[in-house]
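If you use our numbering, the sequence shown corresponds to residues 1 to 441, in order.
Backbone N, C-alpha and C fix where the C-beta goes; we use that ideal spot for every residue, glycine too.
Computed from a prediction, not measured in an experiment: that's the story for all the values here.
Heads up: the structure comes next, in structure tokens.
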Amino acid sequence: MCAGNGGHIRPSSYAEYAGAKTAVSQSEAAKITRLRSAHVDALISAANSLPEEGRLAAEARVVDSIDAFFDQERWKTAVEQVKTLKDEVPDVGAEWSIFEGEEARNISLLTETVGILTGTTKMAGAIWPYRFITNALKSLLSTCPNFTLDTNTVALNISAITESASPSDYEVHTSRGSIRTKHVVYATNAWTPHFVPGLQGAIRGGRLHMSAQLGGNGLPKAGEWPSYTGNGSLAGGRAWSLYRNGLNYIVQMPRNGEFMFGADVDGDDANVATYDDSRAPLHLSASYLNGALPNHFGYDTWGSERTDFPQSLDPSVWNGRTKRVWVGIEGSSVDSRPFVGRIPQSATGRSVKATSTGSEWVSASFDGEGMCFAWLCGRALSRMIAKTGSGANASNGGSTIPEWFPESFLVTEERLEKKNVTKRQVRQWTHPRMAKVLHWE
């Protein structure tokens, strides 16, 4: 998962299910929908299993969940999608509620929304991804003697070992020497095609923009928002997806009231293939992030700007309402689904002695939705690798695939044959960013 994202663990199950059915079977679409919603509990449970220092730092929590719509056409579509979800995947559909008109505006404090969809605590969580991952690694280093972490070590090349006497199948050449191993796992997202030629054109990178900023004095603190359950607002804060000018996503931090605000703005460069996150944020996107929040809530509701926030000594943290704007690289796939599992040798270009003992594997391309894809995709992949050699189908993981995992995510020859496109309309089965025309280079 991307360490620079806003930490929102919030599937939009109704839209995801409706869109998935256009590409896969109904049962497979339901499996995808359940996998995404399962990330809320999976990530919060994982963070809470860390030693106290890591658990507190990760700030994993359930949050209020608001999906807000600002035009009648999109709203009507979303309502129909929720009704379908309730009928066809009732265990997930039961977690969603519909509010319209003035009631929706009173609950959300979004002055121009026409309707909102709210999710229960099973549908909405938040976490500090960077702190979670670094503390998880710290815990592994202290408790697992065989676990090592080589920072600032660039992987340069991978080659197959052909000599039969060697117990290893691959040699990974790095900036600090070479490592011999039986398995190679690519958790390199958009950069995976650098090592796997057959994934070139199947996975690409794009920039997304994120910010940290203060809410206005008029906005409620965490736990004080208008309730949509009758049981009050959650102490973990509130999170929103605003379907307006693309997708806007917001997470409130409960301890200091900061808002993690990201947006996929119509006209930004998320739809241009790129792998460089060193360039400054796009002016259009940064300007939007700096000004959109007061307009979403209305200036009367927003109130005056906060002056109580202590100024940081860190020069990378700005004074004023906006504390920072940054970019990160998302990995997108040609069919808008993750690539997970054993990689065919036709894609790697490297032949090994026996795939029953060693292989190359991947878990990548989450279309900017890694918080509800990456963790359980990684869990499924680890089980596939652990069971290698048990007689399973060597082509992609075979019978080693957990029954809850969507088989449409596997790396197959059929999927790779669809990679050679220069321009495409992305399937609308997740968030609006994936419904844009992407220009592949």
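Where does Ser164 land, buried or exposed, given buried means 16+ other C-beta within 10 angstroms? Residue numbering aside, residue 164 sits at position 164 when the sequence shown is read from its first letter. The residue is exposed, with fewer than 16 neighbouring Cβ atoms inside 10 Å.
Can you pull the DSSP bridge partners for Gly177? Looking up residue 177 in the sequence shown gives position 177. DSSP lists Thr174 as partners of Gly177.
State the Cα-Cα distance for the pair Asp41 and Val340, rounded to the nearest angstrom. On the sequence shown, residue 41 is found 41 positions in, with the first residue counted as 1. On the sequence shown, residue 340 is found 340 positions in, with the first residue counted as 1. If you take the alpha carbons of Asp41 and Val340, they lie about 21 Å apart.
What span of residues does the alpha helix (DSSP H) with Thr134 cover, start to end? Here residue 134 refers to the residue found at position 134 of the sequence shown. Its alpha helix (DSSP H) spans residues 129-143.
For Gly345 and Ala160, I'd like the C-alpha separation in whole angstroms. Start at 1 with the first residue of the sequence shown, and residue 345 comes out as number 345. Start at 1 with the first residue of the sequence shown, and residue 160 comes out as number 160. Looking at the sequence itself, residue 345 is Gln, so the reference to Gly does not match. Cα-Cα distance, rounded: 11 Å.
Which residues in the same chain as Gly223 place their Cβ atom closer than 7 Å to its Cβ, once the five residues preceding and following it in sequence are excluded? Counting from one through the sequence shown, the residue named residue 223 turns up at place 223. Closer than 7 Å at the Cβ level, and outside the excluded window around Gly223, lie Ser233, Leu234, Ala235.
Could you pull out every residue in the same chain whose Cβ sits closer than 6 Å to the Cβ of Asn135, ignoring the five residues on either side in sequence? Position 135 of the sequence shown, counting from 1, holds the residue named residue 135. Only Leu50, Gly54, Ala57 meet the Cβ criterion.
Which term fits Gln81, buried or exposed, when burial requires 16 or more other beta carbons within 10 angstroms of its beta carbon? Locating residue 81 in the sequence shown gives position 81, counting from the first residue. It is buried - the Cβ of Gln81 has at least 16 other Cβ atoms within 10 Å.
With Gly6 and Tyr249 assumed to form a contact (beta carbons below 8 Å), what rounded beta-carbon distance in angstroms separates them? Counting from one through the sequence shown, the residue named residue 6 turns up at place 6. Counting from one through the sequence shown, the residue named residue 249 turns up at place 249. Correct: roughly 6 Å between the Cβ atoms.
Considering only DSSP beta bridges, list what Glu330 is partnered with. Here residue 330 corresponds to residue number 330 of the sequence shown, with the count starting at 1. Answer by DSSP bridge pairing, in chain order: Gly206.
Grab me the residues of Ala29's own chain with a C-beta within less than 6 Å of its C-beta, minus the 5 sequence neighbours each way, in chain order. Locating residue 29 in the sequence shown gives position 29, where the first residue counts as 1. The residues are Tyr17, Ala20, Lys21.
Reference Leu219; option with closest CA among Gly115, Tyr288, Thr111, Tyr275: The sequence position of residue 219 within the sequence shown is 219, counting from 1. Closest by alpha carbon: Thr111.
Would you call the CB atoms of Leu488 and Val317 closer than 7 Å? Since the first residue of the chain shown is 1 and the last is 441, residue 488 is not available in this structure.
Distance between Leu410 and Ser336 (C-alpha atoms, nearest Å): One-based indexing of the sequence shown puts residue 336 at position 336. One-based indexing of the sequence shown puts residue 410 at position 410. Approximately 13 Å between the Cα atoms of the pair.
Hey, quick one: how far does the beta strand (DSSP E) through His283 stretch, first residue to last? For the purposes of this step, residue 283 is taken as the residue at position 283 of the sequence shown. Note, His283: premise wrong, no beta strand (DSSP E); alpha helix (DSSP H) at 283-297.
Per DSSP, the bridge partner or partners of Gly125: What you label residue 125 is simply residue 125 of the sequence shown in a count that begins at 1. Gly125 pairs with Ile9, Val62.
Apart from the five residues on each side of it in sequence, which residues of its chain come closer than 7 Å, Cβ to Cβ, to Tyr275? Your numbering for residue 275 matches position 275 in the sequence shown. Within the same chain, Tyr275 has close Cβ partners Ala190, Trp191, Gly205, Ile329.
To which residues does DSSP link Tyr17 through a beta bridge? Counting from one through the sequence shown, the residue named residue 17 turns up at place 17. DSSP output for Tyr17 lists no bridge partner at all.
N-terminal and C-terminal residue of the beta strand (DSSP E) that Ser241 is part of: Taking the sequence shown and counting its residues from 1, the one referred to as residue 241 is at position 241. Looking at the DSSP string, the run of the beta strand (DSSP E) that includes Ser241 is 238-243.
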